[in-house]
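In our numbering, the protein residues as written are 100 to 149.
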């Protein structure tokens, strides 16, 4: 999951993990992903929410 800065998706992921789901979020949010620096690296930065 993702949000603009990563904080809300992290919080939502923690709640889902607490209820038995496996969740990942886009570290740094969509804003960071969309920036030229991350796009130039060509990699996603999804991490487990734990």
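Positions of the beta carbon are idealized from the N, C-alpha and C atoms, including for glycine.
Note that the structure is predicted; figures quoted are calculated from it, not measured.
| Asked | Found |
| --- | --- |
| Cβ neighbour criterion (16 or more within 10 Å) applied to residue 105 | buried |
| Residue interval of the beta strand (DSSP E) (run including residue 123) | 123-125 |
| Proximity of residue 126 and residue 115 at Cβ, strictly below 8 Å | no |
| Under 8 Å between C-beta atoms of residue 130 and residue 103 | yes |
| Secondary structure of residue 107, DSSP reduced to three states | helix |
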